[in-house]
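Residue numbers (the numbering used here): 3 to 272.
We put the beta carbon where it would ideally sit given N, CA and C, even for glycine.
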């Protein structure tokens, strides 16, 4: 296993090889309605996989860096309706979150919907950086996305991580790599009251997500994954966090094949 310093050096070397694009160019690709393909692999593999992407992708760079901090706050109903809808593969299921970009000090309320056609549709609005709860204006926006009783949503989990974002030269797809995940989860005790918090780190895994307007397995990244015998996997950062925190208390059979190994390697920080 690479030491932290060796990994950072390898990652910097790999990223230096990319042509760069800015946020304006990245935003020119409208993939708010898209098809997602997710892959999981070891963090130690990331530098080499990035090098294989250089010929087909450019890297987002802002303020002289290509590695960005993300902070998500996920909301759910007290009965875990959104989590259970995902677990049970309900059609037209939703996730609700605040997403903060510390580098630019901006924050968005986002609602992601998985449609009955397997597409991901994301709607979002910019909100004040100090917002921590669902307010009146936010509730109206959430209701417009088809979610009832949005005022009863509560913050269930915070998930912080690093992201590298690539864009193909044909400007038809985005590719993101999320790593160094850290979870802060609410913990429900036997009396059904939220009175504890749990913290986990999931440092040795990368979640790669290929975002396309239409699924194409001819993508360069699919080719890279096939060479490494890696297949797409269903994965949700929110559901992973809930599984880590309350895997024995919540319905989780659907996730166990992918996530049990990850839970064994997660670091619990109390």
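Supposed close pair residue i, residue j - CB separation, criterion 8 Å
i, j, result
"residue 254", "residue 215", "Actually they are not in contact, since the Cβ atoms of residue 254 and residue 215 sit about 32 Å apart, beyond 8 Å."
"residue 48", "residue 181", "7 Å"
"residue 62", "residue 25", "7 Å"
"residue 9", "residue 232", "With 8 Å as the limit, residue 9 and residue 232 do not qualify as a contact, their Cβ atoms being about 19 Å apart."
"residue 118", "residue 94", "6 Å"
"residue 136", "residue 109", "With a Cβ gap of about 13 Å, residue 136 and residue 109 do not count as contacting."
"residue 98", "residue 84", "7 Å"
"residue 204", "residue 244", "In fact, because the Cβ distance is near 13 Å, the residues do not count as touching under 8 Å."
"residue 71", "residue 104", "5 Å"
"residue 247", "residue 200", "5 Å"
"residue 89", "residue 256", "5 Å"
Three-state secondary structure (DSSP) of residue i
i, result
"residue 150", "coil"
"residue 1", "An answer regarding residue 1 cannot be provided, because it is not within the stretch 3 to 272 covered by the chain."
"residue 57", "coil"
"residue 49", "helix"
"residue 131", "coil"
"residue 183", "strand"
"residue 199", "strand"
"residue 166", "strand"
Range covered by the beta strand (DSSP E) that runs through residue i
i, result
"residue 105", "Where residue 105 is concerned, there is no enclosing beta strand (DSSP E), given that its DSSP letter is neither H nor E."
"residue 214", "207-214"
"residue 42", "35-44"
Whether residue i touches residue j by CB criterion (7 Å)
i, j, result
"residue 139", "residue 126", "no"
"residue 240", "residue 76", "yes"
"residue 121", "residue 37", "yes"
"residue 107", "residue 226", "no"
"residue 101", "residue 133", "no"
"residue 187", "residue 159", "yes"
"residue 60", "residue 169", "yes"
"residue 40", "residue 237", "yes"
"residue 163", "residue 177", "no"
"residue 116", "residue 34", "no"
"residue 45", "residue 16", "no"
"residue 154", "residue 79", "yes"
"residue 141", "residue 157", "no"
N-terminal and C-terminal residue of the alpha helix (DSSP H) that residue i is part of
i, result
"residue 278", "Since the first residue of the chain shown is 3 and the last is 272, residue 278 is not available in this structure."
"residue 13", "6-18"
Proximity test, residue i beta-carbon vs the ligand NAD heavy atom, cut-off 6 Å
i, result
"residue 240", "Absence of the ligand NAD from the depicted structure is noted, as is the absence of any ligand whatsoever, leaving it without description."
| task | Kindly provide the ranges of any alpha helix (DSSP H) runs that are 4 or more residues long and lie completely inside the stretch 62-115, ordered along the chain. | result | 83-89
| said: Ignoring anything shorter than 4 residues, give me the alpha helix (DSSP H) runs that lie fully in the stretch 223-261, in order along the chain. | reply: 239-248
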